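Student:
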Amino acid sequence: MVIQSTAAGLPQDSGRKGKRSLATAFEPWLYLSPALVLLLLVLVVPLIFGISYSFRKFSAFKSEFVGLAQYQAMLHDQVLGQALMNTLWWTVASLVLQFFLGLGLALLLDKNFAGKKFVQAIVFLPWAVPSFLSGLTWAWLFNPIVGPLPHWLYALGLKAEPTNILSDPATAMWGPIIANVWFGVPFFAITLLAALKSIPGELHEAAAIDGANPWQRFTKVTLPFLAPTIAITVMLRTIWIATFADLIYVMTEGGPAGSTNTVATYIYVSAFKTLDKGYASAVAVLLLALLILYAIVLIRIRKSLVRYS
Numbered sequence: 001m002v003i004q005s006t007a008a009g010l011p012q013d014s015g016r017k018g019k020r021s022l023a024t025a026f027e028p029w030l031y032l033s034p035a036l037v038l039l040l041l042v043l044v045v046p047l048i049f050g051i052s053y054s055f056r057k058f059s060a061f062k063s064e065f066v067g068l069a070q071y072q073a074m075l076h077d078q079v080l081g082q083a084l085m086n087t088l089w090w091t092v093a094s095l096v097l098q099f100f101l102g103l104g105l106a107l108l109l110d111k112n113f114a115g116k117k118f119v120q121a122i123v124f125l126p127w128a129v130p131s132f133l134s135g136l137t138w139a140w141l142f143n144p145i146v147g148p149l150p151h152w153l154y155a156l157g158l159k160a161e162p163t164n165i166l167s168d169p170a171t172a173m174w175g176p177i178i179a180n181v182w183f184g185v186p187f188f189a190i191t192l193l194a195a196l197k198s199i200p201g202e203l204h205e206a207a208a209i210d211g212a213n214p215w216q217r218f219t220k221v222t223l224p225f226l227a228p229t230i231a232i233t234v235m236l237r238t239i240w241i242a243t244f245a246d247l248i249y250v251m252t253e254g255g256p257a258g259s260t261n262t263v264a265t266y267i268y269v270s271a272f273k274t275l276d277k278g279y280a281s282a283v284a285v286l287l288l289a290l291l292i293l294y295a296i297v298l299i300r301i302r303k304s305l306v307r308y309s
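For the sequence shown, full-length UniProt numbering begins at 1 and goes up steadily by one.
(1) First and last residue of the beta strand (DSSP E) that includes S63?
(2) Is it true that the CB of L95 sits closer than 8 Å to the CB of T238?
(3) Following the continuous alpha helix (DSSP H) through F272, name the residue where it begins and the one where it ends.
(4) What is the residue span of the beta strand (DSSP E) that K116 lies within?
(5) Alpha helix (DSSP H) containing K159: first to last residue?
(6) Between which residues of its own chain and H151 is the CB-CB distance below 6 Å, once the five residues before and five after are set aside?
(7) By DSSP's criteria, R56 is part of a beta bridge. Which residues make up the other side?
(8) Considering only the beta carbon of each residue, do G157 and I165 sit closer than 8 Å?
(9) Express the C-alpha separation of I122 and G84 in angstroms, rounding to a whole number.
(10) Please report how far the alpha carbon of N86 lies from the alpha carbon of G254, in whole angstroms.
(11) Is it right to say V285 is buried, meaning 16 or more other beta carbons lie within 10 angstroms of its own, or is it exposed?
(12) What is the residue span of the alpha helix (DSSP H) that P256 lies within?
(13) Is the beta carbon of F183 sitting closer than 8 Å to the one on P126?
(14) What do you get for G211, buried or exposed, if any count of 16 or more other CB atoms within 10 angstroms of its CB means buried?
(15) Taking the alpha-carbon positions, what's the L275 to N180 distance?
(16) Under the assumption that Q70 contacts G278 (Cβ atoms under 8 Å), give the Cβ distance between them as a whole number of angstroms.
(17) Can you name the start and end residues of the alpha helix (DSSP H) that V146 belongs to?
(18) Nearest to V250 by CA position, among P28, N261, W240, is which residue?
(19) Between the Cα of L101 and those of S281, T265, I178, R302, spot the shortest distance and give me the residue it belongs to.
(20) For I296, does the count of other Cβ atoms within 10 angstroms reach 16, so buried, or fall short, so exposed?
(21) Under three-state DSSP, which class holds A206?
(22) Measuring straight from C-alpha to C-alpha, what distance separates D168 and A245?
(23) Which of the three DSSP states is assigned to G211 in this structure?
(24) Give the secondary structure of T163 by DSSP, where H, G and I count as helix, E and B as strand, and everything else as coil.
(25) Could you check if A172 is buried or exposed, using at least 16 other CB atoms within 10 Å of its CB as the buried criterion?
(26) Taking the C-alpha atoms as reference points, what is the distance between L41 and W89?
(27) Please tell me whether L141 and L149 are closer than 8 Å, where the distance is taken between their beta carbons.
(28) Using only the alpha-carbon positions, how far apart do A128 and F113 sit?
(29) L109 to Q120, Cα distance in whole Å?
(30) Give the secondary structure of I248 by DSSP, where H, G and I count as helix, E and B as strand, and everything else as coil.
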């Protein structure tokens, strides 16, 4: 009888364990549900609507399904082709200058010197300025009537006369790039400084004892530890720069002659100026696809750096 009661109790115990394991597995998702619902409403739903708009043609009072017509139109859009090239130039130039200046500032702020707190406040200040105000300020600085920069460039012999570089198609892109570098350097300085603080000081001391000079300590000790952080910050900043429309639009509105027109500004103009929401959505989907491919490559690179660093 004892054996039978024990055998009869086994299914009940296994059933309780099964219920407990199911509840344990479901419990984290229950805690995450508010955040997941918020992400669904804020990110996923607008994304679905945006992709669906790319298959429709919008007019003043109605919209109609046109299939892949919007994507086919992009193949023959010369303005979009120029915007893609401008986006590449705008992104690469801004990213390279921001990264190296941010790395230099991070290495400087990692040292102890008089007035370090004040320098930190000055370095991090541009990140707190709204991008609209930043673009407006830099547009004034490049204006020869109210701004000093054209006169300084003329005094240094870099320009034949104090003119606005934003009005010349050959130099107009440098205006938003300089403004964006000023705006974005603090991001790299903050993140790379935090990564530098996590490097054990004993490693630099051991390398110095072994006879390594400062450059060797930087390349053999500092950079390998910074590599995973560099990969993720470069990926994030690239995406932000490529989709950054307000700074360029405030300074140049994509001109002159489309010389500063990027994909992000082209999407904005197509959606809100020409009211072609369907085509703007298609261009946005193209930009999204390119950035996803880029992010996949950078994430794979970061995994390899984490594995071997």
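Where is the CB? At the ideal position from N, CA and C, for every residue including glycine.
Bear in mind that the values here come from a model prediction, so they are computed numbers and not experimental data.
Tutor: Short version:
(1) Unbroken beta strand (DSSP E) run through S63: 63 to 65.
(2) yes
(3) 263 to 272
(4) No beta strand (DSSP E) contains K116, which is instead part of the alpha helix (DSSP H) from 116 to 128.
(5) Element bounds for K159: n/a, residue is neither H nor E.
(6) P162
(7) Its beta-bridge partners are F65.
(8) no
(9) Per the sequence shown, residue 84 should be read as Leu rather than Gly. For L84 and I122, the distance between alpha carbons rounds to 34 Å.
(10) Cα atoms of N86 and G254: separation of roughly 10 Å, rounded to the nearest angstrom.
(11) With 16 or more other Cβ atoms within 10 Å, it is buried.
(12) Counting along the chain, P256 falls outside any alpha helix (DSSP H), and DSSP gives it neither H nor E.
(13) Yes. Within cutoff.
(14) exposed
(15) 28 Å
(16) 5 Å
(17) Run containing V146: none; DSSP gives neither H nor E here.
(18) N261
(19) Considering only S281, T265, I178, R302, the residue with the shortest C-alpha distance to L101 is I178.
(20) Exposed is the call here.
(21) helix
(22) 20 Å
(23) Reduced to three states, the DSSP call for G211 is coil.
(24) coil
(25) buried
(26) 34 Å
(27) Cβ atoms of L141 and L149: closer than 8 Å.
(28) Cα to Cα, the separation comes out at about 24 Å.
(29) Rounded to whole angstroms, L109 and Q120 show a C-alpha spacing of 7 Å.
(30) helix
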